[in-house]
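Plus 57 on top of the position in the sequence shown (first one is 1) and you've got this note's numbering. By construction, the Cβ of each residue, glycine as well, lies at the ideal position given by its N, Cα and C atoms.
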Amino acid sequence: MRQAFTAGLQRLLSNPGLGSYILVHANACFDTEIYRILKQDLAHRFDQLAAYCREALSEGRELAGAEDDQLVFLKLMAIGFEGIQATEFRQSGGWELQFNHVRAFRPSRMSRQPVQGISRPFDPDGFNFNKPYLRKEVFWAGALLGIEVELLYNKFPFAPLHGLLVPDRRARLPQRLTARYHDYVWSLAERLGAGLPGLGIAYNSYGAYASVNHLHFQLYVRSSPLPIEQGCWRHNGGKIDYPLWCEVFTSAATAWAHIEALHERETNYNLIYQPGRLYCLARKRQGSYQHAPWTSGFAWYELAGGITTFSRSDFETLDGVAIEQEMDKLQV
58 MRQAFTAGLQ RLLSNPGLGS YILVHANACF DTEIYRILKQ DLAHRFDQLA AYCREALSEG
118 RELAGAEDDQ LVFLKLMAIG FEGIQATEFR QSGGWELQFN HVRAFRPSRM SRQPVQGISR
178 PFDPDGFNFN KPYLRKEVFW AGALLGIEVE LLYNKFPFAP LHGLLVPDRR ARLPQRLTAR
238 YHDYVWSLAE RLGAGLPGLG IAYNSYGAYA SVNHLHFQLY VRSSPLPIEQ GCWRHNGGKI
298 DYPLWCEVFT SAATAWAHIE ALHERETNYN LIYQPGRLYC LARKRQGSYQ HAPWTSGFAW
358 YELAGGITTF SRSDFETLDG VAIEQEMDKL QV
């Protein structure tokens, strides 16, 4: 998968426009091997696009492409190609921290907006995966276990081989999980996980920092377990309580009964599917509590014990106590 993933990024780099470049550079900065392969081509394309931006702006012309992409690329220009830093990792008190420089420039979209309830109707005029320009960001598309799916590159990744899995895209489904898609993703994790060790599929419910109100999941392939998977935690048979209540299921049917109960109580949640196993974390709704200034909000990765920081100072000084206190705010 890594080889195909990298080859797809190489193809994307030849596309016109700022958005494709940003996606490729962000993915390369997250993975040192991908960066090594693409660095020369990235630098050349960066210089081309920077020259285009300087010429257009000096002549008073509008830049082509989405305003979000324009703003992100102008920030990259301000730093300079060599100043754009690769993602760094460290451990603190059993938690995983990353300094993700490029992701700091990501537009907030829905994830910073106040929300009510656990769902709202699909909005064809809002950002969604049916936008024509997103077709070039598709890594793979086709029928998989009887459902049409698209796997898109994550434009600002925070997990290895990070993709967005969109089932039945044209059906315009909102970000509300149903039994059909829960069962599907459970089966998909088992099938794909047999050939891809370390595979997981995550889900942010509406109001739990889902960034798009269009049904989607996040796929990743890790070489090491997430902190939430450690055997020391009570939900894994250990003796230590996790900072946020975590339910673990080994039956798709039992898991769905629990998720359905959360829907009935209008409780937001984050999920992590692994082959034959599901981690479910009920939590307070985004906007209903004051999160710390060092985070833009806790979604599935943060609740699994991985913390994305956007400043070097936070990356170097954040400790396990602060992380656990932030998780405790989400108790319901």
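Residue i vs residue j beta-carbon contact at 7 Å
i: Y277; j: G257; result: yes
i: G264; j: R160; result: no
i: L387; j: R340; result: yes
i: C303; j: Y336; result: yes
i: H219; j: W313; result: no
i: I79; j: V129; result: yes
i: F156; j: E139; result: no
i: A309; j: F213; result: no
i: A85; j: I91; result: yes
i: V389; j: T324; result: yes
i: L230; j: L191; result: no
Straight-line Cα distance separating residue j from residue i
i: G377; j: G199; result: 42 Å
i: A349; j: E116; result: 42 Å
i: G174; j: S262; result: 11 Å
i: L114; j: R147; result: 40 Å
i: I380; j: M58; result: 33 Å
i: D88; j: R369; result: 18 Å
i: D180; j: N270; result: 8 Å
i: G183; j: D125; result: 14 Å
i: A228; j: G122; result: 26 Å
i: R237; j: A143; result: 39 Å
i: L66; j: R322; result: 42 Å
i: L75; j: L106; result: 7 Å
i: N185; j: N72; result: 21 Å
i: L209; j: K96; result: 22 Å
i: Q127; j: T374; result: 32 Å
i: A108; j: K188; result: 28 Å
i: L249; j: Q60; result: 17 Å
i: G151; j: E119; result: 48 Å
i: E359; j: I136; result: 28 Å
i: D385; j: R68; result: 44 Å
i: L253; j: I141; result: 31 Å
i: E207; j: T235; result: 18 Å
i: A64; j: P217; result: 15 Å
i: L131; j: C110; result: 8 Å
Contact set for residue i: own chain, Cβ-Cβ below 8 Å, skip 5 residues either direction
i: E247; result: P332 and G333
i: A251; result: P332
i: F103; result: Y78, H82, L133 and F138
i: Y326; result: S262, A265, I316, L319, C337, L338, A339 and R340
i: W351; result: T366, S368, D371, L375 and A379
i: N293; result: E286, Q287 and V305
i: P178; result: P231
Nearest-angstrom beta carbon gap, residue j and residue i [assumed within contact, 8 Å]
i: N211; j: L221; result: 6 Å
i: D225; j: E205; result: 6 Å
i: S176; j: R233; result: 4 Å
i: L338; j: L301; result: 6 Å
i: V172; j: G344; result: 6 Å
i: R291; j: I297; result: 6 Å
i: G362; j: E112; result: Contact doesn't hold; Cβ gap of about 46 Å is too wide.
i: F196; j: F62; result: 7 Å
Close-in-space but distant-in-sequence residues of the same chain around residue i (CB under 7 Å, 5 per side omitted)
i: G255; result: V278, R279 and S280
i: S244; result: L202
i: T307; result: G333 and R334
6 Å CB neighbourhood of residue i in its chain, flanking five on each side removed
i: D390; result: Residue 390 cannot be examined here, being either before or after the span of the chain that is shown, 58 to 389.
i: A259; result: Q275, I329 and W357
i: T365; result: Q155, N157 and F215
i: G288; result: G295
i: S149; result: D376 and G377
i: E383; result: A349
i: R163; result: F213
Entirely within the segment 199-263 and at least 4 residues each: give me those alpha helix (DSSP H) ranges in chain order.
-> Annotation note: the segment 199-263 contains the following uninterrupted alpha helix (DSSP H) runs of length 4 or greater, listed N- to C-terminal: 236-250.
Please go through the segment 74-103 and give each complete alpha helix (DSSP H) segment of 4 or more residues, from N-terminal end onward.
-> Segments of the alpha helix (DSSP H) lying fully in the segment 74-103: 75-87.
Unbroken alpha helix (DSSP H) runs of length 4 or more, entirely within the segment 273-342: which are they?
-> With a minimum length of 4 residues, the continuous alpha helix (DSSP H) runs that stay inside the segment 273-342 are 309-321.
Would you mind listing the alpha helix (DSSP H) stretches within the segment 107-145 that are 4+ residues and don't spill past its ends, in chain order?
-> Entirely contained in the segment 107-145, the alpha helix (DSSP H) runs reaching 4 residues are, in chain order, 124-136.
Pick out the complete beta strand (DSSP E) segments inside the segment 348-382, 3 residues or longer, and give them in chain order.
-> Here the runs fully enclosed are 363-366.
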